[in-house]
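Inspection log for the structure reproduced underneath, given as structure tokens.
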Amino acid sequence: MKQLEIFKALSNKTRLEILLWLKDPESSFPEQLHAGFEVGVCVGEIQRKAGLTQSTVSEYLAILQRAGLVESTRVGQWTYYKRNEDTFAELSKIIQSDI
1470 MKQLEIFKAL
1480 SNKTRLEILL
1490 WLKDPESSFP
1500 EQLHAGFEVG
1510 VCVGEIQRKA
1520 GLTQSTVSEY
1530 LAILQRAGLV
1540 ESTRVGQWTY
1550 YKRNEDTFAE
1560 LSKIIQSDI
């Protein structure tokens, strides 16, 4: 686990908000309910909710992905993101035992 990279990724308010939204995608992204959330949330929906440019949201998601906090799935021309709960479980253990 890349602890420093994870903590750096978590040090931004918008990136934290994205992670919170992805924790409960059904209530955070009701406009995607018709498509479901099996593969995650469409990057376009994340961008709309964040109110930031596509390039900024893409960079934020790339940082979260490099830290292992989110996973992406490409379906046709769309990219979907969801939380990597295994990383959150590992992080929780580290915080409880090492910090």
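Residue numbering for the sequence shown follows my numbering, beginning at 1470 and increasing consecutively. Built from N, CA and C at the ideal position, the CB exists for glycine as well.
Hey, would you say residue i sits closer than 8 Å to residue j, going by beta carbons?
i, j, result
"residue 1543", "residue 1492", "no"
"residue 1549", "residue 1530", "no"
"residue 1483", "residue 1521", "yes"
Under a three-way DSSP split, which group does residue i fall into?
i, result
"residue 1540", "strand"
"residue 1508", "coil"
"residue 1548", "strand"
"residue 1568", "coil"
"residue 1498", "coil"
"residue 1493", "coil"
"residue 1520", "coil"
On a CA-only basis, which of the options is nearest residue i? Give me that one, please.
i, options, result
"residue 1488", "1479, 1496 and 1495", "1479"
"residue 1554", "1539, 1545 and 1471", "1539"
"residue 1545", "1532, 1482, 1508 and 1561", "1508"
"residue 1547", "1558, 1513 and 1559", "1513"
"residue 1477", "1495, 1535, 1499 and 1558", "1535"
Identify, in the order they occur along the chain, each residue of the same chain with its Cβ nearer than 8 Å to the Cβ of residue i, setting aside the five sequence neighbours on each side.
i, result
"residue 1504", "1511"
"residue 1485", "1479"
Validate contact between the stretch 1512-1525 and the stretch 1555-1568 using beta carbons, cut 8 Å, 3 pairs: no
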